[in-house]
Amino acid sequence: LATFSRGGSDVTGAVLAAYDNMPGRIYGLALDSRGQVWGVLNPGNKLARLGRSGRAVDLYDPPAGASLYGIAVDLQGYVWTGDNSRGGVLRFDPAQARWERFGDDEGAGRGVAADAAGNIWVADSGRNLLLQFDGATGAITGRHETGGIGPVGVAVDSEQFVWVVNQGTDNAARLEPQRGGIVGVYPTGNGPYTYSDMTGYSLNTFVARRGLYTVAFHAEPLDLRLVSPTDGCLISTTAAEPLGLAVAVLVG
């Protein structure tokens, strides 16, 4: 595993760090809201917390009998992985370094995804099902058909649809579980195989930084219009160019 330079006009593609001290290969990555990188080792069967200096900071063994597969991090910072040997899903609490397992002892847990509503979605390739868990309690709240055989990957999109990749039938299904399940099945190439954040939903929902950004810039004179007089004044400003730039300014 390696990280590379990125961003702006100074992209070089140079390797910034190489993670070469792990007792197995990285088989899935996820980021938490603080930018911490987590990975599953397979072979190796460990959960790894990766540092920024090219070293694995911590390695965690799963509960006895569990086989880690797939990885996701939810809004609370819990790390979730499928249990490929016994089915169901595993939840790791980084603050307590503690595992919990949820689900029945059937099937094979593969890809995992979390959504902002607190659901955890697990592709069960052993039973050709999409399992829906309550992220807070671990209870199974739904068992959904996947529209194919051998589901290995699952992801949520920006419209809250859940996508499942069926390796055995060369297709992908889109589900809206709250309104009756599958709403579309689509052919793919041969043997589609993914178990990561293939839609970018987790990156945008749980990882993307939010806050107040202050930027100083120079522009042509702006057309200022008072919008809401209060103790401070909210003023809407619109520049003629470029691209109809809109700026909101709070004046104390």
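Sequential numbering of the sequence shown, starting at 36, is according to the numbering used here.
Where a beta carbon is used, it is the ideal one built from N, C-alpha and C, also for glycine.
- request: Please determine, among G144, N163, G161, R162, the residue with the shortest C-alpha to C-alpha distance to I155.
  value: G144
query: Based on the DSSP output, what are the partners of P186 in its beta bridges?
result: N201
- request: Report the three-state DSSP secondary structure of L261 (helix, strand or coil).
  value: Annotation note: pLDDT 47 at L261 (below 50); position unreliable, coordinate value reported separately. In this structure, L261 counts as strand in the three-state DSSP scheme.
message: Please return the same chain residues whose Cβ sits closer than 6 Å to the Cβ of V189, not counting the five positions on each side in sequence.
response: G146, A148, W156, A158, V199
message: So, at 8 Å on beta carbons, what are the nonlocal neighbours of P58 in its own chain, with the 5 sequence-adjacent residues on each side left out?
response: L76, G79, K81, L94
message: Let me check understanding here. Comparing Cα to Cα, which of Y228, N56, A49, R84 lies closest to L66?
response: R84
message: Residues in the same chain with beta-carbon distance under 7 Å from R178, minus the five sequence neighbours each way, listed in chain order, please.
response: L164, L166
Between the CA atoms of P98 and D169 - distance to the nearest angstrom: 21 Å
- prompt: Can you tell which of V187, G100, G226, A152 has its C-alpha closest to the C-alpha of R162?
  reply: V187
message: Spatial neighbours of Y248 within its chain, please: C-beta separation below 8 Å, excluding the five flanking residues on both sides.
response: Any reading at Y248 needs caution, since the residue's pLDDT is 49, under 50, leaving its predicted position unreliable; the model's value is listed next. Counting only Cβ-Cβ distances below 8 Å, and skipping sequence neighbours, we find nothing.
Proximal residues to P264 (C-beta, below 7 Å), its chain only, five neighbours per side dropped: Residue placement at P264 is poorly supported in this model, since its pLDDT is 46, which falls under 50; the coordinates still yield a value, given next. Excluding residues within five positions, none has a Cβ falling inside 7 Å.
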